[in-house]
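Encoded as structure tokens, the structure appears first; notes follow it.
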Amino acid sequence: MATRNADERGVPDGLDAEGDGGSVEGRLGVQSVIVPYEPRYRSGMIALWHRQFGEWSTRRIVRHWNWQFESNPFVTQRPPRLFVVVSERSDEVVGTLVAWPIPLRFQGRTIVTLCGGALALDAPYRGTCVDLTRRLVTSVPALAGGLHPSVRAIVKRFGFQYVPGTTRRFILRLRNDGERARRMRRRLRRSMTHLATPGSVSWLPRGRFARSLPATQRMPTCKHSADIRSLDRFDARYDELWARVSRTIPCTIERTSEYMNWRHVDCPTEMSFRRGVFENGVLRAVAVGVNHVENDWTASPCVVHGEITELIADVPDSPGVEALLTTLLQYLDRRSCDTIASLGLHPTHHAMLRKLGFVDVEDERYAMVANPSSDPNHSVDLLSEADWYVSAADSDALYASAI
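Residue numbers (the working numbering): 21 to 423.
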């Protein structure tokens, strides 16, 4: 699909910018209205994201526009949706919610679902959150991730449920330099916070700015060797691997080479590490990782993390997979991560993660909610964790923070 600048064209091809035009009363009686997207609202949306997420993250959200809505290979099967909340008093954009199509396999049947994200509302208008979220709820089948706890509560009330396994995170804590830098910045004038970097803080005594921080451990090593190669793009060899591995997985984002290239290769802000294990020329395992950041109190990048976003293998507990993972961890840690983590994946991989020193915890920050039903008033049994392959890359949770 041809890509053109959305500012020049207005609404991207296939964008269902639906709004009912009805007034909504926010907190303290502030009036707003949900309207169809129009090009004149583009600058207001960017300004809203800047207020809510800071300049650094906003630049990444803006760069995603064409990737999500125009070069997305699934827009021909289901159009995206974009909702804009406008103040009736000033005609200023005070809220947004976008949703773009991705392929979901549920109980063995593939359906194109909408993935909701970039939900933002200015404080006086947060009373409109229920009405704005209802736009996503009535767009089922749909899913969303990385939501604020209050929004998760709303969509769950409307029939969405946690995707099994997405509240489980595996964490490998390597250092606390980023978190120490964030604490140090709070003691500096805003004009001087850039001096407190994780690299500079690493030279300070370990106990400095480290009160109550968790213990760290060494990077795991592996004695096994394997034919590990970089993957520039995903091709037919990968599709054959995915077909073998996913044969017994009834629920997952359908990770064909088309999806994987769009998600992990063509994303304009994600510099992912992609590695594969080969045996006699046959691709046996794939691992993908990305670095992402947490911002400090000034909305500037601070704490660096690594994320294992994909792990797909014929034999999850094989020496080759162990060698693949330790190699990926070393690449991710080139940016001196505080932690390297992974969301869920498939339970067959959990033993290997624990063997390498990962600790599993309950964490809802990246949890996904979903309703694969075509009936917005009907919630569906999402089965068990063993039925799902999931990762933090399945929703928008990492889009604005990936580096």
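Every residue gets a Cβ at the ideal spot worked out from N, C-alpha and C, and that includes glycine.
Measuring CB to CB, does D414 end up less than 8 Å from G165?
Taking the first residue of the sequence shown as 1, we reach residue 414 at position 394. Taking the first residue of the sequence shown as 1, we reach residue 165 at position 145. A contact, by the Cβ cut-off of 8 Å.
If you measure between the beta carbons of L418 and V310, is that distance less than 8 Å?
Locating residue 418 in the sequence shown gives position 398, counting from the first residue. Locating residue 310 in the sequence shown gives position 290, counting from the first residue. It is a contact, given that the beta carbons lie within the stated cut-off.
Could you tell me whether the Cβ atoms of G64 and V118 are closer together than 8 Å?
Numbered from its first residue, the sequence shown carries residue 64 at position 44. Numbered from its first residue, the sequence shown carries residue 118 at position 98. Cβ atoms of G64 and V118: not closer than 8 Å.
Determine the DSSP secondary structure at L233, reduced to helix, strand or coil.
On the sequence shown, residue 233 is found 213 positions in, with the first residue counted as 1. Note: L233 maps to coil in three-state DSSP.
Return the first residue and the last residue of the alpha helix (DSSP H) that H70 is part of.
Taking the first residue of the sequence shown as 1, we reach residue 70 at position 50. R62 to F89 is the span of the alpha helix (DSSP H), which, as asked, contains H70.
Helix, strand or coil for G425 per DSSP?
The chain is shown only over 21 to 423; residue 425 falls outside these bounds and no answer can be derived.
Check: Y258 C-beta below 7 Å from any heavy atom of the ligand GTP:
You won't find the ligand GTP in this model; it holds no ligand whatsoever.
When DSSP labels each residue in this structure, what does A371 get in the three-state scheme?
Within the sequence shown, residue 371 is the residue found at index 351, counting from 1. Helix, per DSSP.
Boundaries (first-last residue) of the alpha helix (DSSP H) holding M280
To locate residue 280, count along the sequence shown from 1; it is residue 260. Unbroken alpha helix (DSSP H) run through M280: S277 to M280.
P288, buried or exposed, once every other Cβ within 10 Å from all chains shown has been counted against 16:
The count along the sequence shown starts at 1 and reaches residue 288 at position 268. With fewer than 16 Cβ atoms within 10 Å of its Cβ, P288 is classed as exposed.
Element boundaries [beta strand (DSSP E), containing I191]
Reading the sequence shown from its first residue, position 171 is the one you call residue 191. I191 -> beta strand (DSSP E) spans R188 to R193.
With a Cβ-Cβ cutoff of 8 Å, do S404 and G364 count as a contact?
Counting from 1 along the sequence shown, the entry for residue 404 is found at position 384. Counting from 1 along the sequence shown, the entry for residue 364 is found at position 344. Not in contact: S404 and G364 (Cβ atoms no closer than 8 Å).
S220 - DSSP class collapsed to helix/strand/coil
Numbered from 1 along the sequence shown, position 200 holds the residue referred to as residue 220. S220: helix per DSSP, three-state reduction.
Using beta-carbon positions only, say whether V105 and L152 come within less than 8 Å of one another.
By 1-based counting over the sequence shown, the position of residue 105 is 85. By 1-based counting over the sequence shown, the position of residue 152 is 132. In contact: V105 and L152 (Cβ atoms closer than 8 Å).
Please confirm if the stretch 204 to 224 is in contact with the stretch 184 to 194, defined as three or more CB-CB distances below 8 Å between the two stretches.
no
Return the residue from the list E260, T116 and A361 that minimises the CA-CA distance to V324.
Taking the sequence shown and counting its residues from 1, one reaches residue 324 at position 304. It is A361.
Cβ of D416 within 8 Å of Cβ of A138?
For the purposes of this step, residue 416 is identified with residue 396 of the sequence shown, where counting begins at 1. For the purposes of this step, residue 138 is identified with residue 118 of the sequence shown, where counting begins at 1. Contact: yes.
Report the start-end ranges of each beta strand (DSSP E) in the stretch 343 to 391 that is 3 residues or longer and not cut off at the edges.
359 to 363, 379 to 382 and 388 to 391
Provide the residue span of the beta strand (DSSP E) that contains C135, from first to last.
As a first step, residue 135 is located in the sequence shown; it is residue number 115 there, counting from the start. Where C135 is concerned, the enclosing beta strand (DSSP E) stretches over R129 to L141.
Can you tell me the Cα-Cα spacing of A371 and D111, whole angstroms?
In the sequence shown, residue 371 corresponds to position 351, counting from 1. In the sequence shown, residue 111 corresponds to position 91, counting from 1. Between A371 and D111, the C-alpha separation is close to 54 Å.
Which stretch, first to last residue, makes up the beta strand (DSSP E) that contains S250?
In the sequence shown, counting from the first residue as 1, residue 250 sits at position 230. D247 to S250 is the extent of the beta strand (DSSP E) around S250.
What would DSSP say about C149, mapped onto helix, strand or coil?
As a first step, residue 149 must be located in the sequence shown, where it is residue number 129. Residue state, collapsed to three classes: helix.
Tell me, to the nearest whole angstrom, how far the beta carbon of L68 is from that of T133; I am working on the premise that it is less than 8 Å.
As a position in the sequence shown, residue 68 is number 48, starting the count at 1. As a position in the sequence shown, residue 133 is number 113, starting the count at 1. With 8 Å as the limit, L68 and T133 do not qualify as a contact, their Cβ atoms being about 26 Å apart.
Compute the Euclidean distance between the alpha carbons of Y409 and S394, then round it to the nearest angstrom.
Here the question's residue 409 lines up with position 389 in the sequence shown. Here the question's residue 394 lines up with position 374 in the sequence shown. Y409 and S394: Cα-Cα distance of roughly 22 Å.
As assigned by DSSP and simplified to three states, the class of Y15:
Given that the chain is displayed from residue 21 to residue 423, the structure contains no residue 15 and the question cannot be resolved.
First through last residue of the beta strand (DSSP E) which encompasses R52:
The sequence position of residue 52 within the sequence shown is 32, counting from 1. Checking the sequence, you will find Ser at residue 52 rather than Arg. Per DSSP, S52 belongs to the beta strand (DSSP E) from Q51 to P56.
Beta-carbon contacts of P123 that lie in its chain and below 7 Å, excluding the five residues immediately before and after
Counting from 1 along the sequence shown, the entry for residue 123 is found at position 103. The residues are F94, T130, V132, I273, E274 and Y279.
When you compare only the Cα positions, how much space is there between G210 and P339?
Numbered from 1 along the sequence shown, position 190 holds the residue referred to as residue 210. Numbered from 1 along the sequence shown, position 319 holds the residue referred to as residue 339. The question names Gly, but residue 210 in the sequence shown is Arg. Those two C-alpha atoms are separated by around 49 Å.
Taking the alpha-carbon positions, what's the S421 to L167 distance?
Counting from one through the sequence shown, the residue named residue 421 turns up at place 401. Counting from one through the sequence shown, the residue named residue 167 turns up at place 147. Rounded to the nearest angstrom, the two C-alpha atoms are 14 Å apart.
So, does the stretch 375 to 389 touch the stretch 173 to 193, judging by three or more C-beta pairs under 8 Å?
yes
Where does V183 fall in DSSP's three states?
In the sequence shown, residue 183 corresponds to position 163, counting from 1. Three-state DSSP puts V183 in coil, outside helix and strand.
Run the CB neighbour count on Y258, radius 10 Å, all protein chains shown included, and call it buried at 16 or more, exposed below.
Locating residue 258 in the sequence shown gives position 238, counting from the first residue. Looking at its Cβ environment, which holds 16 or more other Cβ atoms inside 10 Å, Y258 is buried.
Output the boundary residues of the alpha helix (DSSP H) element that contains V95.
Within the sequence shown, the letter at position 75 stands for residue 95. Looking at the DSSP string, V95 is not in any alpha helix (DSSP H), and its letter there is neither H nor E.
Where do the N-terminal and C-terminal ends of the beta strand (DSSP E) with P321 fall, by residue?
For this step, residue 321 is matched to residue 301 along the sequence shown. Looking at the DSSP string, the run of the beta strand (DSSP E) that includes P321 is P321 to A333.
If you compare alpha carbons, which of P225, G296, V150 and Y386 is closest to S245?
Mapped onto the sequence shown, residue 245 falls at position 225. When each option's Cα is compared against that of S245, the closest is G296.
Using the C-alpha atoms, what's the distance from R101 back to V44?
Position 24 of the sequence shown, counting from 1, holds the residue named residue 44. Position 81 of the sequence shown, counting from 1, holds the residue named residue 101. At V44 the pLDDT is 48, less than 50, meaning the model places this residue with poor confidence; the figure from the coordinates comes in the next sentence. One C-alpha to the other measures close to 19 Å.
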